[in-house]
Every structure is written in C-alpha cells, then in structure tokens.
Amino acid sequence: MKLLTRICWVLLGAVFIFSGLIKLNDPVGTALKLEEYFEVFAEDFGRFFLVFKSSSRAIAILLSALEVVLGVALLLRWHLRKTLWALLGLLVFFAFLTFYSAAFNKVTDCGCFGDFIKLTPWTSFAKDMFLLGLWAVVFYNFRYLRRVFVRGQLGVMYMTMASAVAIGIGVRALGHLPYFDFLPYKVGNNIGKLMKASEPMRYQYIMERNGETQEFTTYPTDTTWKYKQMVSLNPDAGPKITDFRVWNDAGDYTRELLKGNKLALIVQGTEKADRDRFLQINQLILSADSSQKKITPLIITSSSPTDFDAFRHDVNLAAPFYYADATVLKSMIRSNPGFILLQDGVVKGKYHYHDIPTRADLEELL
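Each residue of the sequence shown is one higher than the one before, counting from 1 in full-length UniProt numbering.
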C-alpha cells in the first residue's frame, strides 16, 4: 500500500502540473473555452455569468497557474493536508464541468489539456473520476507521506517561485503566441492538404431486420434491411481542416489564397483588435507589396462589412480584404490582429502584433 500511495501521489501531482502548463501554453485558447462555459451557464442559470467573460483571460491564467502550484505543493508535500483539500476542491469543480458537459451535451471539448489532447465529454469525466480515485488513495493513506521536503520560509519561497514562473509563462504566451502550436494552422502545415482526406473514407453500415442486427462494409441492396447507424472505419483519415473558407463580394477566394506568397493580416474582430501597432503594420504591408519575392498582402476579417469599412479607414489600412468565419480566424492565430505568411498554402510564419517582422524576415522564410 505504501508503494501504491507514492505512485498515486506522484501521478496526481504530475497530472496537475502538466494540465496547468498545457493551458498556460495557450491562455487565449483556455480563455475561449472558459467563455464557452460562461455562455452556457448564462443560458441555463442566469446572465450573471456573462460578467466573467471580460475577465476570461485573467481567470484562465490564474486558474491554470493554480493547478501548477498545487501540483508542485503536492510533490513537495508542503502543507500536504491543506494542499489535498484544495486539490479536492478543484477536482470536484472540474468533475462538475465535465459531467454537465457530457450529460447535457453543452461543451463538446472540456479543454482539460488544451488543444494538445482532445477529449470527449464522457472521457473527460472519466479522467476526473480517475484523478479523484488517486486523490482518495493519497488522502486516506496520508501516513505514508509524512516526510515533508520543504517547510517554513523555504516552502514559502518555493511556492512563490512556482507561482511567479507559472503566471509568467501564461502572461508571456498571452502577449506573444503559444510556445507550442497544436492547432491545424501551425507553422509547417499545408492548409490545402489538410482540407483533403489522407485516404478514401471507409464506413461500416449497421442494419437491422426482424430483430437481427448485422454489419456491412457496403450498403446492402436488399431493401428488407433497415438502416440503424453508419460508423467510420478510418476516422483519422478525414480532413483535419473542414471549415476554412475565405471570400469577398466577388466570390470565393480560398483557392487563390493558397497559391503563391501571401501575407495575411488577420483581424478577428474590429471591436477588440489592438490599434496601437497599425503604423508598423501598415509599413510592413507597404514594404511586402514591393518585395522581390512577390508577396501579396491582404486582410482577412470576420467583422461585418460596415464595421470593417469604418475600422480600415480609421487605421489607414490599404490592402484587399476578405471575410472568414470568426472561429476559423481564432484557430489560425491567437492574436488580434496578427500576421500569417503563406507559401502555396504552407504556413511559413505566424506573428503576434507585438512581434511584427520586417520584410527581410519574411523573405528569409520564402
């Protein structure tokens, strides 16, 4: 039992640290997931929850940092009993969220491990139950973990350091881009290829006749069989990008965007777009347009034509502009505004508005 308790102790602490760091890697994505929960709760329990939407990024960083700090405290056995009670509070909270999502089909991905590991609602709930099991083993066998690795002022110093590092990681990622990009539009990915299936899709058809159920790899021509369900045999072969489309008043521009060298300025929404860097942004657009690498600058936004027209005149944007879905643009880059450099549909570079490149930087990548 002593060995089992120590295994559960290490595993529980490591999972909390890992989960927190993954969320801190992409605090904007974590905030978007929190906003989704706030909207669901506002609809089901009252509009009071919408108050938290404006603070979703701060909450995302603090909640994720708390996971890391509690994981570190557990592994160092610092105030172990109090740490375990705090962990229980977080576990119950997460278990409620995942059960609510699964039982009522409210949020299809809990975001427990960011975009690194996608979990279905019921899988997320099972994961939380497993962690509660680990917690119970550690809590009820407390006597095997009596040795404390840090205490007193040294313990306070370690916890302060862990808090500062965790919050610093989140703030740095918030002001730039995620350290590791797990989204389909990461640097190196070919958007055009990811919009196609890697191999022909294969399906299994589950049919029923006279109470008998049978599986077919091709749809039966016998009309006495009644259709029940269709199951994909190779779901991973499907397109990784299914909703990417860019257009303007003249029509669809998606194929043209994926040809040649394109520098796309992504303005997810004009109401929240940072306006302080548009002098530099405009300078880059002008210089890119005269590049020997034939870089075509353009703008993609999800704002309405009226709103964007007023915005582009306000910030003096001078480049062709197109429209795309807001969710797609948020997946493309965690910056509003932000730049994406494409070469024949391959993502060659992504830039936060705090890290605007020079034309020479862009040409080096092409």
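C-beta atoms are modelled at their ideal positions from N, C-alpha and C, and glycine is treated no differently. Owing to the predicted nature of the structure, the values given are computational and were not obtained by experimental measurement.
Do Val246 and Pro337 have their beta-carbon atoms positioned less than 8 Å apart in this structure? Numbered from 1 along the sequence shown, position 337 holds the residue referred to as residue 337. Numbered from 1 along the sequence shown, position 246 holds the residue referred to as residue 246. Their beta carbons are not under 8 Å apart, which means Pro337 does not touch Val246 by this criterion.
The segment 45-55 in contact with the segment 352-360 per 3-pair CB rule at 8 Å: no
How is the alpha helix (DSSP H) around Ser232 delimited, first residue to last? Locating residue 232 in the sequence shown gives position 232, where the first residue counts as 1. Counting along the chain, Ser232 falls outside any alpha helix (DSSP H), though it belongs to the beta strand (DSSP E) covering 226-232.
Indicate the three-state DSSP secondary structure (helix, strand or coil) for residue 406 in the structure shown. No answer is possible for residue 406: it lies beyond the span of the chain, which begins at 1 and ends at 366.
Under the three-state reduction of DSSP, which class applies to Arg209: helix, strand or coil? Numbered from its first residue, the sequence shown carries residue 209 at position 209. Three-state DSSP puts Arg209 in a strand.
Contact check, Gly188 vs Leu258, beta carbons under 8 Å: Residue numbering aside, residue 188 sits at position 188 when the sequence shown is read from its first letter. Residue numbering aside, residue 258 sits at position 258 when the sequence shown is read from its first letter. Cβ distance not < 8 Å, so Gly188 and Leu258 don't count as in contact.
For Ala237, does the count of other Cβ atoms within 10 angstroms reach 16, so buried, or fall short, so exposed? The sequence position of residue 237 within the sequence shown is 237, counting from 1. So Ala237 ends up on the exposed side.
With distances taken between CB atoms, is the gap from Gly71 to Ala31 smaller than 8 Å? Looking up residue 71 in the sequence shown gives position 71. Looking up residue 31 in the sequence shown gives position 31. For Gly71 and Ala31, no; Cβs fall outside 8 Å.
Do Ser64 and Gly170 have their C-beta atoms within less than 8 Å of each other? For the purposes of this step, residue 64 is identified with residue 64 of the sequence shown, where counting begins at 1. For the purposes of this step, residue 170 is identified with residue 170 of the sequence shown, where counting begins at 1. Their beta carbons are under 8 Å apart, which means Ser64 touches Gly170 by this criterion.
Rounded separation between Thr120 and Lys127 - CA only: On the sequence shown, position 120 is the one that residue 120 refers to. On the sequence shown, position 127 is the one that residue 127 refers to. For Thr120 and Lys127, the distance between alpha carbons rounds to 10 Å.
Specify the secondary structure class of residue 368 as computed by DSSP and reduced to three states. Missing from the structure shown is residue 368; the chain here goes from 1 to 366 and no further.
Would you list, in sequence order, the uninterrupted beta strand (DSSP E) runs of no fewer than 3 residues that lie entirely inside the segment 288-323? 295-301, 321-323
Rounding to the nearest angstrom, what Cα-Cα distance links Val346 and Thr221 in this structure? Taking the sequence shown and counting its residues from 1, one reaches residue 346 at position 346. Taking the sequence shown and counting its residues from 1, one reaches residue 221 at position 221. When rounded, the distance between both Cα atoms is 43 Å.
Looking at Leu298 and His318, is the spacing between their C-beta atoms short of 8 Å? In the sequence shown, residue 318 corresponds to position 318, counting from 1. In the sequence shown, residue 298 corresponds to position 298, counting from 1. The displayed chain sequence assigns Ala, not His, to residue 318. No, these two residues do not count as a Cβ contact at 8 Å.
Taking Cβ positions, are Thr296 and Lys262 nearer each other than 8 Å? For the purposes of this step, residue 296 is taken as residue 296 along the sequence shown, with counting starting at 1. For the purposes of this step, residue 262 is taken as residue 262 along the sequence shown, with counting starting at 1. Yes, they are a contact pair.
Do the CB positions of Lys226 and Glu208 come within less than 8 Å of each other? For the purposes of this step, residue 226 is taken as the residue at position 226 of the sequence shown. For the purposes of this step, residue 208 is taken as the residue at position 208 of the sequence shown. Taking 8 Å as the cut-off, the beta carbon of Lys226 is found closer than this to the beta carbon of Glu208.
Could you compute how far the alpha carbon of Leu284 sits from the alpha carbon of Ala58? By one-based count along the sequence shown, residue 284 stands at place 284. By one-based count along the sequence shown, residue 58 stands at place 58. The straight-line gap from Cα to Cα measures roughly 31 Å.
Using alpha carbons as the reference points, say which of Lys293, Gln292, Tyr185 lies closest to Phe244. Numbered from 1 along the sequence shown, position 244 holds the residue referred to as residue 244. Selected option, being the one with the closest Cα: Tyr185.
Kindly indicate which three-state DSSP category Leu183 falls into: helix, strand or coil? In the sequence shown, counting from the first residue as 1, residue 183 sits at position 183. Residue state, collapsed to three classes: coil.
Pair within 8 Å by beta-carbon distance, Pro27 and Leu174: Residue numbering aside, residue 27 sits at position 27 when the sequence shown is read from its first letter. Residue numbering aside, residue 174 sits at position 174 when the sequence shown is read from its first letter. Their beta carbons are under 8 Å apart, which means Pro27 touches Leu174 by this criterion.
Please confirm whether Phe125 and Phe99 have their CB atoms less than 8 Å apart. In the sequence shown, counting from the first residue as 1, residue 125 sits at position 125. In the sequence shown, counting from the first residue as 1, residue 99 sits at position 99. Contact flag set, yes.
Pull the bridge partners of Asn190 from the DSSP assignment, please. Working through the sequence shown from its first residue, we reach residue 190 at position 190. Looking at the DSSP assignment, Asn190 forms a beta bridge with Val346.
Val40 to Asp249, Cα distance in whole Å? Start at 1 with the first residue of the sequence shown, and residue 40 comes out as number 40. Start at 1 with the first residue of the sequence shown, and residue 249 comes out as number 249. Taking the straight line from one Cα to the other gives about 34 Å.
So what's Val148 in DSSP terms, helix, strand or just coil? By 1-based counting over the sequence shown, the position of residue 148 is 148. If DSSP states are grouped into helix, strand and coil, Val148 belongs with coil.
Kindly confirm or deny that the segment 131-141 and the segment 6-13 touch, where touching means at least three C-beta pairs closer than 8 Å. Contact between the segment 131-141 and the segment 6-13 is present, because at least three Cβ pairs lie under 8 Å.
Look at the Cβ atom of Phe182, then the Cβ atom of Ala264, and state whether they are nearer than 8 Å. Locating residue 182 in the sequence shown gives position 182, where the first residue counts as 1. Locating residue 264 in the sequence shown gives position 264, where the first residue counts as 1. Not in contact: Phe182 and Ala264 (Cβ atoms no closer than 8 Å).
Here's the rule I'm using: 16 or more other beta-carbon atoms within 10 Å means buried, otherwise exposed. How should Glu364 be labelled? Locating residue 364 in the sequence shown gives position 364, counting from the first residue. Glu364 should be labelled exposed.
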